[in-house]
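Engineer:
Protein chains in written order, with our numbering: chain W, 10 to 329; chain S, 174 to 492.
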């Protein structure tokens with residue numbers, strides 16, 4: 010990734026001075042400042058706009074869906090019916106309203122994207138910070154594991170994990186959706202930890218960390234007060250980009266039949282469309298809208314992620 | 174030479190770790206003896222024989238030893254759903270996958286790098302913006318969805334291509350007509366995959382070339398008065414090709430696993446189709462074999478890319 014040679018964020022000296030501010034304080038300052046810079050970049054602003062709309066739909070979905078998305082019908086004229094005033098985006102192979110499914114699917118797709126990215130970010134940060142800070146054998150072993158996860162073809166691994174864990178789905182909240190979050194999170198952290206590690210390696214050499222160590226600060230204190238606040242912006246930027254990838258992966262796994270039919274995401278809708286032969290019947294309203302939503306959200310997260318990355322790493326600005 | 178030997182050692186280590194991981198994943202996260210019980214195609218006698226053969230009622234260490242000996246001698250397990258050896262199924266499907274993904278990888282590498290050169294040499298102009306945004310959109314698109322749109326538009330609406338399968342059922346084998354039939358069926362999945370892979374080549378080529386174009390020797394070449402195409406062809410592009418070469422050789426490793434959704438969508442009888450069938454029938458031995466096989470392919474491709482780079486780029490040898 011391009012962020013390997015990241016210069017440390019400029020606020021690193023203020024970070025020590027404002028040590029009294031908690032971790033969440035730091036995070037919200039970072040988010041605040043990023044937000045201000047973000048709305049100045051055009052693509053970041055567009056991305057943010059798209060994301061706000063979809064996030065709103067994900068939250069209020071059940072209240073704005075025009076129909077019950079699970080109300081199937083046996084009237085044959087309502088099976089794969091084209092868009093009409095009653096069904097704005099037509100119906101699926103069971104006569105269910107496509108628009109309502111799309112609205113409720115937003116919540117599932119976004120939830121998996123966010124939650125899986127957070128799982129990746131947590132694992133990636135723990136591994137990256139430990140490897141970078143402790144060095145030696147800890148670093149060697151963690152980097153070897155990291156390398157391994159980077160090399161292994163990740164889709165077959167995710168498929169294998171999702172199939173093996175699939176049995177446990179019934180006893181879990183959110184069913185197979187929970188399994189998807191876990192699997193995508195567990196397979197997607199390797200890139201993050203690599204970036205964090207190199208940042209921590211350079212931070213560790215910096216004067217303020219060495220001074221703290223010389224003054225007898227404990228390792229947990231240094232990591233919490235000096236390392237973590239300074240890698241947080243990087244983690245933040247990376248997580249936004251990972252959300253985009255997680256949403257794509259969710260759609261792929263659901264399309265392959267590893268999703269939860271009773272909690273339909275956009276990918277799950279595409280799976281149903283393909284199984285019911287929607288393309289052969291020209292029922293575009295069934296498979297075009299979910300894909301458009303996926304593309305829009307993925308592009309939006311990517312644009313916002315790049316914009317944040319440029320804020321965190323000013324060197325990138327001149328390159329693009 | 175020492176560098177290459179180290180790389181080979183690392184690759185072997187990674188392969189070894191895959192072997193161990195594969196074993197524990199399926200024995201610890203899953204329960205093979207219970208899975209056998211669930212499979213209606215296996216008679217109780219056959220199940221007893223399988224449990225005996227794999228040592229499933231013995232300790233983990235014995236099981237691991239049997240697994241290791243079997244796998245290293247190329248003897249994978251038997252598929253639950255077809256009752257044929259997993260290795261046979263995989264080697265039969267492999268040529269189909271290679272035909273599909275190999276062609277698409279090469280096509281996308283050539284077209285993508287060319288578009289990247291166009292974009293980088295016209296930085297900031299309309300063609301650059303168009304190409305860059307187009308690749309971002311293609312990159313953000315689930316490949317299988319692109320395929321669904323293409324099936325709907327090109328195969329169903331315009332009737333230009335068949336919608337799936339490798340050949341028409343009943344097509345006579347080994348004739349000119351057969352080959353033509355396969356080409357017709359392969360065209361649309363190859364087009365889909367090529368478009369899906371295109372974006373990354375555009376991005377890599379564009380940024381590599383943009384870096385090179387800022388170097389002094391390019392300025393010198395321009396100052397000498399060389400025409401633009403010669404500056405690009407003889408000086409800049411050559412130096413920007415390294416990352417592209419790396420990406421191609423890395424992607425060749427994903428040839429085996431890269432088309433799972435596309436094969437499923439087009440019912441193309443390759444590794445991807447095998448994977449989807451295995452998911453739907455919960456055929457764990459098949460999934461295990463596919464995971465092992467695809468991992469090995471990627472590790473070998475990585476090794477190949479590393480060795481290739483040491484010969485192409487002297488700087489790697491020094492560091």
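Backbone N, C-alpha and C fix where the C-beta goes; we use that ideal spot for every residue, glycine too. Please read these numbers as outputs of a predicted model, since none were measured by experiment.
1) Is the beta carbon of residue 192 of chain S closer than 8 Å to that of residue 494 of chain S?
2) Leaving out five residues before and five after residue 184 of chain S in sequence, what residues of the same chain have Cβ atoms less than 6 Å from its Cβ?
3) Can you pull the DSSP bridge partners for residue 258 of chain S?
4) Specify, as a first and last residue, the run of the alpha helix (DSSP H) that residue 388 of chain W falls within.
5) Quick one: using the 10 Å Cβ neighbour count with 16 as the cut-off for buried, is residue 216 of chain W buried or exposed?
6) What are the boundary residues of the alpha helix (DSSP H) that includes residue 274 of chain S?
7) Taking Cβ to Cβ, would you say residue 60 of chain W is nearer than 8 Å to residue 309 of chain W?
8) Taking 8 Å as the threshold (C-beta atoms), are residue 462 of chain S and residue 273 of chain S in contact?
9) Since residue 166 of chain W is in the alpha helix (DSSP H), which residue starts that stretch and which ends it?
10) Report the residue from S:443, S:412, S:457 and S:474 whose alpha carbon sits nearest the alpha carbon of residue 262 of chain S.
11) What's the call for residue 248 of chain S, buried or exposed, on a 16-neighbour Cβ count within 10 Å?
12) Anything in chain W within Cβ reach of residue 449 of chain S, meaning under 8 Å, just list it in chain order.
13) For the ligand GTP, any of its heavy atoms closer than 7 Å to the Cβ of residue 72 of chain W?
14) Here's a check: name, in chain order, each residue in its chain whose Cβ is nearer than 6 Å to the Cβ of residue 174 of chain S, leaving out the five neighbours to either side.
15) When you compare only the Cα positions, how much space is there between residue 18 of chain W and residue 92 of chain W?
16) Taking contact to mean at least 3 C-beta pairs separated by less than 8 Å, is the segment 367-387 of chain S in contact with the segment 280-288 of chain S?
17) Along chain W, which residues have their Cβ under 7 Å away from the Cβ of residue 410 of chain S?
18) Of all the options S:460, S:449, S:310 and S:415, which has the alpha carbon lying nearest to the alpha carbon of residue 481 of chain S?
19) First and last residue of the alpha helix (DSSP H) that includes residue 57 of chain W?
20) What did DSSP end up calling residue 269 of chain W once you bin it into helix, strand or coil?
21) Hey, would you say residue 327 of chain S sits closer than 8 Å to residue 333 of chain S, going by beta carbons?
22) Within the 8 Å Cβ cut-off, does residue 257 of chain W reach chain S?
23) Please return the same chain residues whose Cβ sits closer than 8 Å to the Cβ of residue 115 of chain W, not counting the five positions on each side in sequence.
24) Identify every residue that forms a DSSP beta bridge with residue 106 of chain W.
25) For the 8 Å Cβ check, are there 3 or more pairs between the segment 205-216 of chain W and the segment 177-189 of chain W?
26) What whole-angstrom Cβ distance do residue 252 of chain S and residue 456 of chain S have, given they're in contact under 8 Å?
27) Taking Cβ-Cβ distances below 9 Å as the criterion, which residues of the segment 164-184 of chain W are in contact with chain S?
28) With 8 Å set as the bound, which would you pick, yes or no: does the beta-carbon of residue 424 of chain S sit closer than that to a beta-carbon of chain W?
29) Find the residues of chain W that neighbour residue 453 of chain S, judging by a C-beta separation of less than 8 Å, and give them in chain order.
30) Is there a Cβ of chain W sitting closer than 8 Å to that of residue 317 of chain S, yes or no?
31) Give me, in chain order, the residues of the same chain whose beta-carbon lies closer than 7 Å to that of residue 437 of chain S; leave out the 5 immediate sequence neighbours on both sides.
32) For residue 259 of chain W, count neighbouring Cβ atoms within 10 angstroms of its own Cβ and tell me buried if that reaches 16, exposed if not.
33) Assess, as a yes-or-no matter, whether the segment 280-297 of chain W is touched by the segment 307-321 of chain S under the definition of 3 or more beta carbon pairs within less than 8 Å.
34) Among S:413, S:324 and S:433, which one has its Cα closest to the Cα of residue 296 of chain W?
35) For residue 296 of chain W, go through chain S and note every residue whose CB falls closer than 7 Å to its CB, in chain order.
Structural biologist: Judging by the given coordinates:
1) Residue 494 of chain S is absent from the model: chain S starts at 174 and stops at 492.
2) 472 and 476
3) S:251
4) Since the first residue of chain W shown is 10 and the last is 329, residue 388 of chain W is not available in this structure.
5) exposed
6) Annotation for residue 274 of chain S: no alpha helix (DSSP H) segment contains it, and DSSP assigns it neither H nor E.
7) yes
8) no
9) 163-174
10) Scanning S:443, S:412, S:457 and S:474 for the CA closest to the CA of residue 262 of chain S turns up S:443.
11) exposed
12) 265 and 266
13) Among the components of this structure there are no ligands whatsoever, and the ligand GTP is therefore not found.
14) none
15) Any reading at residue 18 of chain W must be qualified, since the residue scores a pLDDT of 44, below 50, and its modelled position is unreliable; no value is offered.
16) Three or more pairs of CB atoms, one per stretch, sit closer than 8 Å, so the segment 367-387 of chain S contacts the segment 280-288 of chain S.
17) Result: empty, since nearest Cβ-Cβ is about 19 Å, beyond 7 Å.
18) S:415
19) 51-73
20) coil
21) For the pair residue 327 of chain S and residue 333 of chain S, the CB atoms are nearer than the 8 Å cut-off.
22) yes
23) 63, 66, 67, 70, 275 and 302
24) W:100
25) Three or more Cβ pairs closer than 8 Å define a contact, and the segment 205-216 of chain W falls short of that threshold against the segment 177-189 of chain W.
26) 6 Å
27) 164, 165, 166, 168, 169, 170, 171, 172, 173, 174, 175 and 176
28) no
29) 266
30) yes
31) Hits under 7 Å: 445, 446 and 449.
32) buried
33) yes
34) S:324
35) 321
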